[in-house]
Every structure is written in structure tokens, then in C-alpha cells.
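If you read the sequence shown in the working numbering, its first letter stands for residue 1036, the second for the next number, and so on.
Here a beta-carbon is modelled for each residue, glycine too, at the ideal position from N, C-alpha and C.
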Amino acid sequence: MMNNKLMIKNAAELVTCSGFKAKHGKEMSELHIIEDGAVVVEDGIIKAVGKTEDILKKYDEKDFQAIDASNKAVLPGFVDSHTHFVFGGYRAEEFSWRLRGDSYMDIMQRGGGIVNTVKATREASFEELMETGLKRLDSMLSFGVTTVEGKSGYGLDLETEIKQLKVMDELNKIHPLDIVKTFMGAHATPVEYKGRTDDYVEFMIEKVMPEIAKQNLAEFSDVFCEKNVFSIEQTRRIQEKAKELGFKIKLHADEIVQFGGAELAAELGAVSADHLLQVSDKGIEDMAKSGVVATLLPCTAFSLRESFAPGRKMIDNGCAVALASDFNPGSCFTENISLVIALATLQMNIRIEEAITAITINAAAALDRADEIGSLDPGKKGDILILEFPSYKFIPYHIGVSTVEKVIKNGKIVFDKNLGGKIC
Ligand code: NIG
Ligand code: FE
């Protein structure tokens, strides 16, 4: 038996999600399932996918670490393409205020919210951020996440923004999950710039972003484009500069009010626009035309008690929709992908097949990685989930509970529920 050669056979459903680019509209409901399927991984890369009997004709099982997936569904690893998982402190108190009727924006405007976490993150040591970050990644892994995006934006000064991004670099080295980094200096205006948001934008553009680019600390640039946070004009300035510096673009768009964020994302050629609770019809049309991945975060709407984004309408109008957790200490403190999928299907009228596409190949596209992850296709990374149940339909059906039995990352088993969790 060789460890770098893995075969999974007899899968009740091999849900391949086959494809190398984002799926739009109707394409999202086709999962390309192989019944009684098998997959072969060598040196971390998928070599073959097919019916078990065909695979066994071509490959000798004795050369492989073989896993019998009888009565189990097998899927690509989930991609969580929108999180803010490196932060200090917590905001449970604010959560309780929201239950009493305060809104997220009320709390932010009276000096709470993101800037509270900024204070705690500035005070936290590198080691403390590593320790909490590691636990959060372990939890994500247990829900079947094999690639996660993480944003800075709880520093809002050069030193702490760099600290957050370097913590992600270190975590990436020691944890099986792959981490994709996004710079989000424009997440809020820090207290030292209170009432001077234009000056803060200037500081970002002149000092912080060039340094982040020079040290190659992030692949994407994101902005919280929202009324009373960063205006369309401020967002455009920051993201034009980001493009000049070589960052790919994401936007927090149209979350609380309709603001033209989706339209701006299309204009900028963004890879994704995220949240979109209040998106306009024109915004939907622009995203569909320009190929911006519409990333929906149903656990955030749930946690903020807002109405859900019009996901059904986006798919019906030809958008490529992705789903993500938005794990963060304020608006959505959960890494639970099962709950994301349950809410998408039960509350947004998204079909289970569409939701699976949205958390695999379309989420990979939201990270500009549809050519290397997000499906079970030869040539892609061996990032694979084995469920405890025979069908992908159990994922939302078993509401909010992880149905993942084993997680395979780059062809190695890194999580096994039967062996107590993470095993590497
Ligand atoms: O995606 N909306 C803005 N940013 C985060 C929340 C961050 C926080 O509240 O700490 C989000 O929901
Ligand atoms: Fe977010």
C-alpha cells in the first residue's frame, strides 16, 4: 500500500460537479453524478474518475490505499470563499443587543461593531491569533471545507493588517486547509480617522496597499461598499488602485441598502460581489453579463434577521451563484456549511443541486480557482469528501449538522469522524 496513491470505490453517488469554470443559471442544477463511482488520486492530484467497474479494469486496487464508500456519497471538498476568521475578542454582547432590536448599523454607528474587533485584534499577539485561528480552521474542516478565503480588515493600520495576513500565511503552512488571502483595509474607518473617511482612504491608497502588494501578502482586495461605510466613489478609488497593484477584486455589495455595489463590481471586472441582499435588477443583469460570481451568505441574513438575498432570481437570470459562510465575530459567527446549505435551500428557494454547485465549483470560481479545485475532474487537487449518507440530499436534510465522515486533502485523509476528527 502506498500513501500517495488513493482509491475511493463503490460510492453510492460520486457527485463530480464536473467543470473548470463558473456555472451560470440552469447549468447550476447539473451535478454530473456517477452511480457506483470511483476516483483515483496520485501524488495529490485526481487521475481518474468513473464507474467502479471501469476504474478497477484500469487500476490495480492493490497498488492503492483503497476506501470502500459503499452506501456513501462522495463530493468535492467545499470551498468557503468568504470569511473573516482571524480576529481578536468576541461580540456576544452585541448579539444580545441585536436580539433586543438594535440593528447592525445602529451598533456600528455608535462606535461598536467592526471597530470593537479592531481594538481586540490590535491588542492580540501573533500567537493568540494563531491559536484561535487554528481552532476555527479545525472546525471548518469538520464541515468539509478544504479551501477557505480569509480577509484582513480588523487592523485598519499597516502593522495589524500585516499581522492578520501573516497569521494566515503561518496557518496555511501548518494546517491542511488551503487559505486564500484578501486584503480588506476598507472594512471600516478606524477611531483615529473618525469623521475623516476620505483621509483614511488616502492612507490606504498611498501607504498600506502598496506595502501589502510589495510584500505579496494578499491575492484579492475587498471593500465594505455600503451607505455610511465606504461610498461608491471611495470604493472605486480603492479598487482602481488595487487593480493597478495587481490585486483581484471582491466587493461587499448591497448588503444593508441598495447602493449600486453589484453594478460597480461588474464595472470593475470583480471576481465576485458578496452579500447582495438588496441588489437591484440592473445589478443582477450586470453580474450575469460580466461573469461576476454572486456570492450569497445566508447565515448572515439569518443572524442579522434581514430578508435573504434574491438567490432564486439571480439563478433564473443567468448569474453564477456561490454560497459561503461569512464567518466573523459580528454579523455571522458560524463556520457551519451545512447550515448555509440548509438556509439556501429552505429559505432562498435554491435547489439542493444548485446549492452544491454554489459551494463547490462556483465557490472555487469566486476565488479564481475553478481550474484547480471545486470538482472531481482529472487534473484537479484531490480534495474529496465522503459523507455518512448515500446522497448529497442529506446535507440540507440533516439541518445544521455535518454529514461529513471523511475529508481528503491533496489525496490524504485529514479528517475522519470515526477516528475522532482531524488526523494529521
Ligand atoms: O461580511 N459587512 C461587513 N463585514 C462583515 C462583518 C464584519 C463584522 O461585523 O465584524 C460581513 O458581514
Ligand atoms: Fe464579510
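- The closest CA to that of arginine 1386, considering only Ala1405, Ile1350, Asp1361, Gly1414, is found on Ile1350.
- Exclusion of the five residues before and after lysine 1058 leaves Ala1355, Thr1392, Ile1396, Asn1397 as the residues of its chain whose Cβ lies within less than 7 Å of its Cβ.
- Inter-residue distance for alanine 1308 and leucine 1049 is about 30 Å (C-alpha atoms, whole angstroms).
- Restricting attention to Val1109, Met1063, Asp1078, Gln1100, the CA atom closest to the CA of glycine 1072 is found in Val1109.
- Three or more Cβ pairs closer than 8 Å define a contact, and the region 1421-1434 falls short of that threshold against the region 1122-1138.
- Counting only runs of at least 4 residues, the region 1226-1293 fully encloses the following alpha helix (DSSP H) elements, listed from N- to C-terminal order: 1232-1238, 1244-1249, 1267-1279.
- DSSP places phenylalanine 1450 inside the beta strand (DSSP E), whose first and last residues are 1447-1451.
- Put simply, of Val1258, Lys1262, Gly1188, Ala1390 the residue whose alpha carbon is nearest the alpha carbon of glutamate 1062 is Ala1390.
- Non-local beta-carbon contacts of alanine 1277 in its own chain, meaning distances under 7 Å to residues more than five positions away in sequence, involve Met1244, Ser1256, Ile1284 in chain order.
- Only residues of its own chain outside the window of five on either side were considered, and among them Ala1221, Thr1232, Val1236, Val1258, Phe1259, Ile1273 have a CB closer than 8 Å to the CB of phenylalanine 1265, listed in chain order.
- Judged by their CB atoms, leucine 1311 and alanine 1297 are nearer to each other than the 9 Å cut-off.
- Check the Cα spacing between valine 1075 and each of Arg1340, Leu1286, Ala1046, Leu1041: the tightest is with Leu1041.
- A distance below 8 Å between beta-carbons, with the five flanking residues on each side excluded, links glutamate 1163 to the following residues of its chain, in chain order: Gly1123.
- In the structure shown, lysine 1058 adopts coil according to DSSP, grouped into three states.
- Only residues of its own chain outside the window of five on either side were considered, and among them Gly1179, Val1180, Ile1372, Ile1394 have a CB closer than 6 Å to the CB of phenylalanine 1113, listed in chain order.
- In summary, leucine 1358 is buried, with 16 or more beta-carbon neighbours lying within 10 Å of its beta-carbon over all protein chains present.
- In its chain, beyond the 5 residues on either side, Leu1312 have a beta carbon closer than 6 Å to the beta carbon of glutamate 1341.
- When Gly1148, Gly1185, Thr1195 are compared, the shortest CA-CA separation from alanine 1159 is found for Thr1195.
- With the rule of 3 Cβ pairs closer than 8 Å, the region 1202-1221 does not count as touching the region 1133-1152.
- Counting only residues of its own chain and dropping the five nearest sequence neighbours on each side, alanine 1379 has a CB closer than 6 Å to the CB of Pro1333, Leu1358, Ile1385, Ala1390.
- In this structure, Ser1064 is the residue among Ala1301, Lys1348, Leu1176, Ser1064 with its C-alpha nearest to the C-alpha of lysine 1428.
- A Cβ-Cβ distance of about 7 Å is found for the pair serine 1105 and alanine 1047, placing them in contact under the 8 Å criterion.
- By the Cβ rule, the region 1401-1415 counts as touching the region 1080-1095, because three or more pairs are nearer than 8 Å.
- Between serine 1116 and glutamate 1184, the gap from beta carbon to beta carbon is short of 9 Å.
- Judged by DSSP secondary structure, threonine 1182 falls within the beta strand (DSSP E) whose first and last residues are 1180-1186.
- By the criterion of a C-beta distance shorter than 7 Å, phenylalanine 1337 is surrounded in its chain by Leu1378, once the five residues flanking it on both sides are discounted.
- With 16 or more neighbouring CB atoms inside 10 Å of its own CB, phenylalanine 1218 falls in the buried class.
- For glutamate 1096 and isoleucine 1090, the gap between their C-alpha atoms comes out near 9 Å.
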